[in-house]
Amino acid sequence: MSLPVQKQESIAPGYWLLSLHSPQIASAAAPGQFVMLKIDKSFDPLLPRPMSIHSVIKEDNNRIGFTILYKVMGKGTRLLSEKRSGESLVVIGPLGKGFNLNHISSGCEPIVVGGGIGIAPLLFLAHKLLERGWTPSVLLGANSQQELLRLDEFESSGLIPKVSTEDGSKGVKGMVTDLLGSYLEDRKGVHGEVFACGPSPMLEKVASQAKEYGLNSQLSLEQRMACGLGACLGCVVRIRDKEGSQLSFQRVCTEGPVFNGEDIIW
């Protein structure tokens, strides 16, 4: 469908926040889901881009639209950043399987971990957890303070993220996995669940850390996609079955993008 751009904001060098009007997509969306977004109906760029739903926009408590947080990486995202209010984009969604909150018990402590642009689906998740009565711990990491995005949005929801930067310009110096390791050690024995998004090496480490401390992890994978509908098989990952003995290939766009950390074969 063709959707109008409500707003396009530069929030840091190379990073943009896009607001789109669509009560239909916003009403159906769940944290961890994504949309396939095409600049227009031309063939340049040929393929649409998968973009996580960052948050939903509400008016009088009704969902009327959603936001996309993205980084300019190449021609497609550069062209996207040039779109302005009133122009339209071709969007399909919401797509994929998001974070599963249905099995979490009332005494569980959700731990939300984001690395770099992996923060994109986690604000929506944090808001949904708060709506359901949980107060998540939020751990965010980036290369530098400049790339620690949307801290104010977490804080305005009553959450104070713990942060790390690789250059030490804000928070703990190091990777967000270093921050998570210290946090889990300090909270040893906590009944919790880890929710994370970021680059694959980070997610592999998060899965290992969660398992070490006896916690389940749900990881949103970042993967290139061509169709977003499961047809092209271009985004498959290797997954173990429930017994942990059999290998299967599953599509990030339909069976994911969120998978149980212990099931992924890195």
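Everything in the sequence shown is counted per the numbering used here, starting at 788 for the first residue and increasing by one. C-beta: ideal position from N, C-alpha, C; glycine also. Quick caveat: nothing in here was measured; it's all calculated off a predicted structure.
Next on the checklist: Could you compute how far the alpha carbon of Q1010 sits from the alpha carbon of G945?
Outcome noted: 31 Å
Checklist entry - With burial defined as no fewer than 16 other Cβ atoms inside 10 Å of the residue's Cβ, what is the status of M838: buried or exposed? => result buried
Checklist entry - Nearest to K921 by alpha carbon, out of L935, S814, I904, P897? => result Note that residue 921 is Trp in the sequence shown, not Lys. Taking only the C-alpha atoms, the option nearest W921 is P897.
Checklist entry - What span of residues does the beta strand (DSSP E) with P837 cover, start to end? => result 836-839
Checklist entry - Is E1009 helix, strand or coil when you go by DSSP? => result coil
Checklist entry - For the beta strand (DSSP E) that contains M823, what are its first and last residues? => result 821-825 is the span of the beta strand (DSSP E), which, as asked, contains M823.
Item to check | Rounded distance between the beta-carbons of L912 and F941, thought under 8 Å | outcome: With a Cβ gap of about 11 Å, F941 and L912 do not count as contacting.
Item to check | CB-CB length for G1045 against L1006, believed under 8 Å | outcome: According to the sequence as given, residue 1045 is Val; it is not Gly. Right, the Cβ-Cβ distance comes to about 7 Å (below 8 Å), so this counts as a contact.
Item to check | Residues near L938 by beta carbon distance below 8 Å, same chain, minus five either side | outcome: Apart from the 5 residues on each side of it in sequence, L938 sits with its Cβ closer than 8 Å to the Cβ of L927, P948, V950 in its chain, given in chain order.
Checklist entry - For T864, which option in V843, L804, A817 has the closest C-alpha, if you only look at C-alpha atoms? => result L804
Checklist entry - Can you name the residues that DSSP bridges to R1038? => result V1023
Checklist entry - Looking only at C-alpha atoms, which of D827, A983, S797 sits nearest to V877? => result D827
Checklist entry - With which residues is S806 paired in a DSSP beta bridge? => result K794, T854
Checklist entry - Taking K825 as the reference, which of H841, L990, V792 has the closest Cα? => result V792
Item to check | Which of helix, strand or coil DSSP assigns to A750 | outcome: What is shown of the chain runs 788 to 1053, which leaves residue 750 out entirely.
Checklist entry - beta strand (DSSP E) containing F982: first to last residue? => result It spans 979-984 - the beta strand (DSSP E) in which F982 sits, taken as one unbroken run.
Checklist entry - What separation, rounded to the nearest whole angstrom, lies between the Cα atoms of L1016 and L834? => result Rounded to the nearest angstrom, the two C-alpha atoms are 13 Å apart.
Checklist entry - Looking only at DSSP bridge pairs, what is A799 linked to? => result Y802
Item to check | Exposure label - G880; buried when at least 16 CB within 10 Å | outcome: buried
Checklist entry - Which class does A929 belong to by DSSP, given the choice of helix, strand or coil? => result Strand at A929.
Item to check | Extent of the continuous alpha helix (DSSP H) run through S875 | outcome: Note, S875: premise wrong, no alpha helix (DSSP H); beta strand (DSSP E) at 875-882.
Checklist entry - To the nearest angstrom, how far is it from the Cα of I812 to the Cα of D847? => result I812 and D847 have their alpha carbons spaced roughly 17 Å apart.
Item to check | Cβ shell of L966 (< 7 Å), same chain only, five flanking positions each side left out | outcome: L926, G928, K949, S951, V959
Checklist entry - In the DSSP assignment, what residue or residues form a beta bridge with N1047? => result Q1005
Checklist entry - Got a sec, what are the start and stop residues for the alpha helix (DSSP H) K998 sits in? => result 987-999
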